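Residue numbers (our numbering), protein chains in the order written: chain A, 26 to 218; chain B, 13 to 186. Notes follow once the structure below has been shown.
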């Protein structure tokens with residue numbers, strides 16, 4: 026059984042951890058994390074499908090923009106579908122890449138079924154084993170300030186596991202047309218389509 | 013492009029001349045020269061993948077950051093990419109992959125045929141157009157066509173490198 030009842034509320038913890046979103050180029054994984062990030066900024070590239078792709082897309086962006094800090098925000102479900110992408114980040118070691126896993130230990134989007142992380146899988150340990158330079162398992166508000174700083178440092182890839190309860194993500198309206206969000210993102214980063 | 017068996021080096025140089033600067037791959041004998049050249053090239057990011065679908069998402073991320081990439085995979089890896097190609101198709105990201113074929117011309121391992129035969133139908137179903145190179149003379153033109161379609165016209169393209177070109181792996185079944 027999931028033991029997430031006493032955890033932090035994502036609607037407080039995610040904004041506190043991310044801080045000023047303009048410090049990063051952001052890619053967010055589908056469902057909850059895309060809604061969390063979409064409520065904070067309209068400059069991120071938000072997945073609405075292609076589950077398991079957020080980490081690799083963030084890696085591609087980090088390799089293409091080595092002078093910018095790239096942040097990938099995704100969920101435990103998305104990450105469990107592509108654990109290998111943690112290994113790929115681990116071997117590439119992009120110093121400008123940070124990853125936040127918003128871990129609510131369940132599949133909220135499909136009805137709240139317990140995920141593997143709710144059954145004991147520790148993604149921070151997986152990330153550490155894959156070679157991330159910095160990993161933190163954030164379970165309390167008192168840890169957020171340090172973790173927020175680590176997302177911004179550039180001494181190696183950083184992984185922050187943010188353990189949250191089952192409070193839903195914000196219900197904002199997102200642009201689900203990826204041709205439009207892709208183009209807007211490129212115009213922001215590159216100054217052209 | 014042909015002659016001397018050096019088409020593989022010429023292919024690498026063709027991709028580099030067209031600004032491909034990120035090479036992602038699952039290790040494969042058919043792509044060995046491209047992989048080794050990319051690893052030795054200081055101006056290239058050479059990315060080993062744990063599964064081919066990572067390369068699909070990586071290509072989209074690289075495009076968001078303004079870089080051109082290519083995904084190198086074997087035909088069996090095509091099946092690992094299908095749902096991730098939603099990202100490419102829905103977002104109309106430029107996408108180029110080179111697929112070293114198994115399970116077709118001269119194949120001796122019966123396990124390879126199921127996916128080998130499914131490569132074109134599944135890629136086509138996900139909107140990826142397939143071009144085939146069966147001889148050394150086909151390679152440069154097919155890859156040039158793929159580069160133009162992908163990066164000039166925001167299409168997704170797979171260039172299939174046939175075993176007729178690569179040489180079928182010797183496989184002795186009992």
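Positions of the beta carbon are idealized from the N, C-alpha and C atoms, including for glycine. Predicted, not measured: the structure shown is a model, and the values here were computed from it.
Exercise for the section: Using only the heavy atoms of the ligand NAP, determine whether one of them is closer than 6 Å to the beta carbon of residue 166 (chain A). Expected result: The ligand NAP is absent from the structure shown, which contains no ligands of any kind.
Handout entry: alpha helix (DSSP H) runs wholly inside the segment 104-138 of chain A, at least 4 long, in chain order
Key = You should have 108-117.
Problem - Cβ of residue 207 (chain A) within 7 Å of any chain B Cβ - result: Residue contact check for residue 207 (chain A) against chain B: a CB pair falls below 7 Å.
Handout entry: residue 97 (chain A) beta carbon less than 7 Å from that of residue 83 (chain A)
Key = By the CB criterion at 7 Å, residue 83 (chain A) and residue 97 (chain A) fall inside the cutoff.
Handout entry: Short CB-CB distance (under 7 Å) between residue 179 (chain A) and chain B
Key = Residue 179 (chain A) has a beta carbon lying at 7 Å or more from every beta carbon in chain B.
Handout entry: residue 146 (chain B) versus residue 45 (chain A): straight-line alpha-carbon distance, rounded
Key = Rounded to the nearest angstrom, the two C-alpha atoms are 53 Å apart.
Exercise for the section: Going by CA-CA distance only, name the one from B:166, B:139 and B:174 that's closest to residue 154 (chain B). Expected result: For residue 154 (chain B), the nearest C-alpha among the options comes from B:174.
Exercise for the section: Taking C-beta pairs closer than 9 Å, name the residues in chain B that residue 199 (chain A) reaches, listed in chain order. Expected result: Those within 9 Å of residue 199 (chain A) in chain B number zero; the least Cβ separation is about 14 Å.
Exercise for the section: Give the interface partners of residue 140 (chain A) over in chain B, defined as CB-CB distance under 9 Å, in chain order. Expected result: Annotation: residue 140 (chain A) has no Cβ neighbours in chain B at a cutoff of 9 Å; minimum Cβ distance is about 19 Å.
Practice task
Hey, could you find the ends of the alpha helix (DSSP H) residue 134 (chain B) is sitting in?
Solution key: Counting along the chain, the alpha helix (DSSP H) containing residue 134 (chain B) begins and ends at 125-137.
Practice task
Measuring only between beta-carbons, confirm whether residue 85 (chain A) sits less than 7 Å from chain B.
Solution key: By this cut-off, residue 85 (chain A) is an interface position.
Exercise for the section: For the segment 63-84 of chain A, enumerate the residues whose C-beta is nearer than 9 Å to any C-beta of chain B, in chain order. Expected result: So the list reads 70, 72, 73, 74, 75, 76, 77, 78, 79, 80, 81, 82, 83 and 84, given in the order they occur along the chain.
Practice task
Report all residues from its chain with a CB closer than 7 Å to the CB of residue 14 (chain B); omit the five preceding and five following residues, and keep chain order.
Solution key: Note on residue 14 (chain B): pLDDT 42, under 50, position unreliable in the model; the coordinate value appears next. Taken in chain order, the residues that qualify are 148 and 149.
Problem - Outcome for residue 55 (chain B) when other beta-carbon atoms lying within 10 angstroms are tallied against a minimum of 16 - result: Classification of residue 55 (chain B): exposed, given that the 10 Å Cβ count is below 16.
Practice task
Return the first residue and the last residue of the beta strand (DSSP E) that residue 210 (chain A) is part of.
Solution key: That residue, residue 210 (chain A), is in no beta strand (DSSP E); its alpha helix (DSSP H) goes 203-215.
Problem - chain A contacts from the segment 50-63 of chain B (Cβ-Cβ distance under 7 Å) - result: The residues in question are 57, 59, 60, 61, 62 and 63.
Problem - Of the residues A:109, A:41 and A:153, the one placed nearest residue 67 (chain B), counting alpha carbons only - result: Comparing C-alpha distances from residue 67 (chain B) to each of A:109, A:41 and A:153 shows the shortest one belongs to A:109.
Handout entry: Beta-ladder partner(s) of residue 161 (chain A), from DSSP
Key = Looking at the DSSP output, residue 161 (chain A) sits in a beta bridge with A:185.
Handout entry: Any 3 or more C-beta pairs closer than 8 Å across the segment 173-185 of chain A and the segment 119-135 of chain A
Key = Verdict: yes, contact present.
Practice task
Could you name the residues of the same chain whose beta carbon sits closer than 8 Å to that of residue 195 (chain A), not counting the 5 residues immediately before and after it, in chain order?
Solution key: Only 36, 60, 61, 63 and 64 meet the Cβ criterion.
Problem - Minimum Cβ-Cβ distance from residue 210 (chain A) to chain B less than 7 Å - result: Residue 210 (chain A) has a beta carbon lying within less than 7 Å of a beta carbon in chain B.
Handout entry: CB contact below 7 Å: residue 90 (chain A) versus chain B
Key = Yes, contact with chain B.
Exercise for the section: Go to residue 178 (chain A), then tell me how far its alpha helix (DSSP H) extends in each direction, as first and last residue. Expected result: Taken as a continuous stretch (DSSP letters only), residue 178 (chain A) belongs to no alpha helix (DSSP H), as it is neither H nor E.
Practice task
Within its chain, find whatever has a CB closer than 7 Å to the CB of residue 104 (chain B); leave out the 5 residues flanking it on each side and keep chain order.
Solution key: Around residue 104 (chain B): 166.
Exercise for the section: Output yes if chain A places a C-beta closer than 7 Å to the C-beta of residue 89 (chain B); else output no. Expected result: False, the Cβ-Cβ gap to chain A never drops below 7 Å.
Handout entry: Nearest candidate by alpha-carbon position, reference residue 34 (chain A), set A:191, A:126 and A:114
Key = Among A:191, A:126 and A:114, the Cα nearest to that of residue 34 (chain A) belongs to A:191.
Exercise for the section: At 7 Å on the CB atoms, spell out the chain B contacts of residue 123 (chain A), in chain order. Expected result: Using a Cβ-Cβ cut-off of 7 Å, residue 123 (chain A) is close to nothing in chain B; its nearest Cβ partner there is about 14 Å away.
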